[in-house]
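In the working numbering, the protein residues as written are 252 to 442. Glycine included, every Cβ here is placed at the ideal spot set by N, Cα and C. Working notes for the structure below.
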């Protein structure tokens, strides 16, 4: 009862999230995604959500503008797989507060760790929405703590805050940008 892969695609056919639990080469992934997406999008809305695909079965469900697609063995129960998809959608909905395609696009890393809390190796590991959301909240706190720690380390290492530097522009030897993000500045004191 394992999932081979899970895809989230838009109605336009763009892959928004892809997680593979069995090994595929890059070419196989691209070809599989192209074939599966074209088959799912070509089906009328009132047809059943099961498609025979090679020696596997594609099971999908559309929620608003996103299709949630899984690939399973032909021996697996389709209705249980639909319940797994629905469980994932419910957790996303609670986590993001009415999830939409933009939430997945701009917070894809959060969608991946919600997915990783639910499925491990293609197997459903956690059914409690409360536990999943608690673990995601802990991960969010860790990310915030890490971001706050790196900001304070930059300030401590430099010795000047950006506000202090603006008040004392003569004391700066240079202003350097770190990485592609313009908001992160490293300020240097004159020695």
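What are the uninterrupted segments assigned as beta strand (DSSP E) that are 3 or more residues long and contained completely in the segment 291-365, given in chain order?
The qualifying runs are 301-304, 307-314 and 317-324.
### Query
Between which two residues does the beta strand (DSSP E) harbouring residue 253 extend?
In the DSSP assignment, residue 253 falls outside any beta strand (DSSP E), carrying neither H nor E.
Contact belief for residue 317 with residue 267 at Cβ below 8 Å, rounded distance in angstroms = Indeed, because the Cβ distance is near 7 Å, the residues count as touching under 8 Å.
- Item | Which listed residue (288, 295 and 314) has its alpha carbon closest to that of residue 304 | That would be 288, whose Cα lies nearest to the Cα of residue 304.
query: On the three-pair Cβ rule with 8 Å, is the segment 351-363 touching the segment 260-279?
result: Yes, the segment 351-363 touches the segment 260-279.
- Task: Spatial neighbours of residue 332 within its chain, please: CB distance less than 7 Å, with the 5 preceding and 5 following residues excluded, ordered by chain position.
- Result: The answer, listed in chain order, is 310, 321 and 323.
With 16 other CB atoms within 10 Å as the buried threshold, where does residue 392 fall?
Of the residues assessed, residue 392 falls on the exposed side of the cut-off, its CB having fewer than 16 other CB atoms within 10 angstroms.
Q) Thinking just about the alpha-carbon of each residue, which of 314, 397 and 306 is nearest to the one in residue 296? A) The residue with the shortest Cα to Cα distance from residue 296 is 314.
Can you tell me the Cβ-Cβ gap for residue 369 and residue 338, rounded? I've got them flagged as a contact below 8 Å. Correct: roughly 7 Å between the Cβ atoms.
Tell me, to the nearest whole angstrom, how far the beta carbon of residue 275 is from that of residue 283; I am working on the premise that it is less than 8 Å. The Cβ separation is near 7 Å, so the contact holds.
Pull the bridge partners of residue 271 from the DSSP assignment, please. DSSP output for residue 271 lists 256 as bridge partner(s).
Other residues of its chain near residue 374: CB distance less than 6 Å, five sequence neighbours each side excluded: So the qualifying residues of the chain are 253.
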